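In the numbering used here, the protein residues as written are 191 to 507.
Even for Gly, the Cβ is constructed at its ideal location relative to N, Cα and C.
Keep in mind that this is a model prediction, so the values were computed, not measured.
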Ligand SMILES: C[S@@+](CC[C@H](N)C(=O)[O-])C[C@H]1O[C@@H](n2cnc3c(N)ncnc32)[C@H](O)[C@@H]1O
């Protein structure tokens, strides 16, 4: 693809950081009312309510990928993504991200990864169940949500853009629609449209002017001479994290977001932490993070994944 340059940032360091002692506190949302800048947090709770505990203007950059609509049953009450109505799903996300805006610094950035989907067209296909290495089974949703009003069978939902427009209406500045091109995507059995091989990473900001270190993410120029401002198509292979059942961030997808959006010592937020990839990249880049995750088992997964990089402190209050 012309003009597309594969990500070529320095490889992530996977060894324990000996220059800096990290601490991760694990516990309930009440911890968020008095966060300490030198510490990271894994919070077991509902993003819709937990964020309310966090003081405003605490976070420099938020990087997240919410559950997609109508795909997985995480098997826990208050999960997002199982709504029968697309508007209800979108409104819940707008509410979560309204609180993200409140806790973001005035010059902060918000990087949102979201994929699209198709209307069910009356089909009853169910995403297959998957078993994690620790034996936990995650079910595909036992139903497909009905075709939203105004759409037809086989319509592409346009879900990322529906959400982006709602967030713009809610006051966010939409600054970029980054296309995440996935060269290694699995084939689809379709013969009447191209195989979908991309998702979006939207860059939103709270203000017209904001912190964005373009020099930190320069990419090689096509001529081979020198470097240039990073382009809006990012070529990144998907990289499953073996213990997680759900789609996890490839670390190199979110590295540029963290490098351009923050400085060492800043707080990075992920309100849908999953297996903790945002925390991993944040710590490796000498940032602290706050991760919120509804499912206690996935909090434990993130905790185990990050244990080589930090001292873990568990607390009940
Ligand atoms: C797509 S996964 C995130 C994966 C993550 N980016 C990673 O790299 O591992 C979405 C996560 O959101 C969690 N989730 C669903 N509803 C939630 C809610 N209301 N509050 C917080 N987390 C929620 C799910 O349990 C799931 O782990």
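- Contact check for residue 304 against residue 255 passes: the beta carbons are separated by less than 8 Å.
- Secondary structure of residue 310 (DSSP, three-state): coil.
- One Cα belongs to residue 391, the other to residue 273, and the distance between them is close to 23 Å.
- Of all C-beta pairs linking the segment 327 to 342 to the segment 380 to 387, fewer than three are shorter than 8 Å, placing the two stretches out of contact.
- Residue 497 counts as exposed, since fewer than 16 other C-beta atoms from the protein chains shown sit within 10 angstroms of its C-beta.
- In the three-state DSSP reduction, residue 361 falls in the coil class, being neither helix nor strand.
- Rounded to the nearest whole angstrom, the CA to CA distance from residue 277 to residue 267 is 19 Å.
- Less than 8 Å separates the beta-carbon of residue 500 from that of residue 212.
- Following the DSSP letters along the chain, one finds residue 483 inside the beta strand (DSSP E) bounded by residues 478 to 483.
- The beta carbons of residue 482 and residue 235 sit closer together than 8 Å.
- In chain order, 213, 214, 215, 216 place their CB closer than 8 Å to the CB of residue 503, counting only its own chain and leaving out the 5 sequence neighbours on each side.
- Taking residue 478 as reference, the option from 467, 485, 487 with the minimal CA-CA separation is 467.
- Straight-line spacing of the CA atoms in residue 363 and residue 402 works out to 14 Å.
- Put simply, the backbone Cα of residue 397 is about 6 Å away from that of residue 296.
- One alpha carbon belongs to residue 506, the other to residue 490, and they sit about 14 Å apart.
- When only Cα atoms are considered, residue 356 and residue 475 end up about 32 Å apart.
- If you check the CB distance, residue 492 and residue 459 do not come in under 8 Å.
- A residue is called buried when at least 16 other Cβ atoms come within 10 angstroms of its Cβ; residue 262 meets this threshold and is buried.
- Using a 10 angstroms sphere on the CB of residue 399, the tally of other CB atoms stays under 16, which defines it as exposed.
- In the same chain as residue 471, and ignoring 5 residues on each side of it, the C-beta atoms closer than 6 Å to its own belong to 441, 444, 445, 448, in chain order.
- Annotation: the continuous beta strand (DSSP E) that includes residue 217 extends over 213 to 217.
- Counting every other CB atom within 10 Å of its CB across the protein chains shown gives residue 420 a total of 16 or more, marking it as buried.
- Remark: the shortest separation between the CB of residue 436 and any heavy atom of ligand 1 falls under 7 Å.
- Residue 460: member of the beta strand (DSSP E) spanning 457 to 460, first to last residue.
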